[in-house]
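Residue numbers (the working numbering): 119 to 183.
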């Protein structure tokens with residue numbers, strides 16, 4: 119799954135640590151999500167969308183390989 123978390127985080131001038139603390143996960147979790155190594159749980163995806171004031175679909179999408 120591809121995501122735009124890093125782009126949104128940049129727009130909001132947040133570090134990985136800032137975002138992690140805001141949604142109550144570790145910085146390593148944010149890093150893994152951004153790199154596509156980990157797909158977040160639905161509650162985490164909702165928290166991310168709430169922080170960035172966007173839909174989950176704007177943050178995450180599938181790309182055909």
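Think of the CB as a built atom: it goes at the ideal place given N, C-alpha and C, for glycine as much as any other residue.
None of these values were measured; they are calculated from a predicted model.
For residue j and residue i, the rounded distance between their alpha carbons
{"i": "residue 181", "j": "residue 141", "result": "26 Å"}
{"i": "residue 168", "j": "residue 126", "result": "12 Å"}
{"i": "residue 136", "j": "residue 119", "result": "23 Å"}
{"i": "residue 144", "j": "residue 132", "result": "14 Å"}
DSSP-derived helix/strand/coil call for residue i
{"i": "residue 155", "result": "coil"}
{"i": "residue 142", "result": "coil"}
{"i": "residue 124", "result": "helix"}
{"i": "residue 130", "result": "coil"}
Nearest residue (CA-CA) to residue i, options the options
{"i": "residue 156", "options": "147, 163 and 164", "result": "147"}
{"i": "residue 153", "options": "176, 160 and 134", "result": "134"}
{"i": "residue 160", "options": "178, 171 and 149", "result": "178"}
Cβ neighbours of residue i in the same chain (closer than 7 Å, five flanking residues each side left out)
{"i": "residue 151", "result": "121, 123 and 158"}
{"i": "residue 138", "result": "144, 145, 147 and 148"}
Same chain only: Cβ atoms within 6 Å of residue i, ignoring 5 sequence neighbours per side
{"i": "residue 174", "result": "163 and 167"}
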